[in-house]
Structure formats: structure tokens, C-alpha cells
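Quick note: this note's numbering has the sequence shown finishing at residue 228, numbered continuously throughout.
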Amino acid sequence: MSTSHSDHGASSGTPFGAIEGTHWIDTLNDGSAVLIRPLRPDDRQREKDFIHRLSEQACRFRFMGSLKEASPALLDQLMDIDERNRMAFIALAHDNGELREVGISRYSASGDAGQCECAVTVADDWRHRGLAVLLMRRLIEVARKNGFRKMFSTDAAENEPMRELADHLGFQRRRDPDDATQVIHTLDL
């Protein structure tokens, strides 16, 4: 189930209160609610905390290497969203009275015209609930509206969760010709 809200925020009867801008309250497979909206500059600390809480494996799959902490330069890059060539959707959930980032999907225009590279990451304790699918569907919809014709991601060949997600969403998979430890997932938009 998905509820869409825009401009004036969610009704005060939701657990998220009044939030301005386009956003959606989505119910996951286990019945838990998440708020999904475009990433904003004031999410910088949430993004830093989110990365810090990821398991070593989740960081390796997302950043294709080990990462102990998000550097200021990496955070600058991740927060650089223009909603056309670079877009990100953040998923937020209540955790002890605070809104905590529990997932994010993003794309960035690549050097090839009409193509964008995508990524999705879900907090370890929020996996297997359908959140990655919801985040990617929002991202795919916006990429299409923004005129992209192809979306791709480069992932570790051992990344089983990404393989399952990509299959579910209709991405095609092939080995990376430059690195046998990686695969490239592509989706025609």
C-alpha cells in the first residue's frame, strides 16, 4: 500500500507529522511504515549516521570496498542532488522518537547520453521487508520522467540481494568485461 502526499505534507494523524514537500508514506511487507521523499541538504547528518551503521558487507556492496566512515568529500558527493541529473530518495522510520534513515536509492547521469547509474542501500535491520523495491520503483519512475532511457548499476558478482532485486525489477545482468568480480545490471527505461 502506498499513500502519496505532496506540497502540504502528511496529515498530522500520521506518525511522521507535518512534513513539507513531495513525499510518500509506504507500508512495507511486514506492516511497518516508512516515509519516502527526495533527499534534502538537511539530511547530511542522517546520511552520515546511516553509512556508519551499515555492516561491513553492506558497505562493501554499496561502495565496492571497505569504508569505515564517510569522509566530508564523500558526503559532499552523496548530497549533491539536482533532481534532474542526480536524484536520491531517502526512506525514514521512527526510532526512539527520531526519524532515522533506513534506506536510500539514487541515480546519477553517466557520461553516455540518456543513461544513469543507480544504487540502492537498505539498513541491515530493515532488509527483507520490500523497502529496496519501493525505493527503486520511485527512482525508476523519476529517471523515466527526466528523459533517461537506460539505468545501470555495477555490483559485486557475489551481491545476491542486488541480483534478486535486479531480477525482480526486470534488469538484465552481464559480467563486467573489465572486472570478472563484478556484474552490470541494466534496465531499459
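Glycine included, every Cβ here is placed at the ideal spot set by N, Cα and C.
Taking C-beta atoms under 8 Å as the contact rule, residue 143 and residue 174 qualify, at a distance of about 7 Å. Residue 90 has its alpha-carbon roughly 15 Å from the corresponding atom of residue 128. For residue 203, the enclosing alpha helix (DSSP H) stretches over residues 199–208. Looking at the DSSP output, residue 175 shares a beta bridge with no other residue. Under the criterion of beta carbons closer than 8 Å, residue 227 and residue 189 qualify as touching, at roughly 6 Å. Beta-bridge partners assigned by DSSP to residue 221: 195. Put simply, of 209, 125, 85, 207 the residue whose alpha carbon is nearest the alpha carbon of residue 139 is 85. Between residue 194 and residue 222, the C-beta spacing is below 8 Å.
Residue 166 sits in coil when the DSSP states are folded into three classes, being neither helix nor strand.
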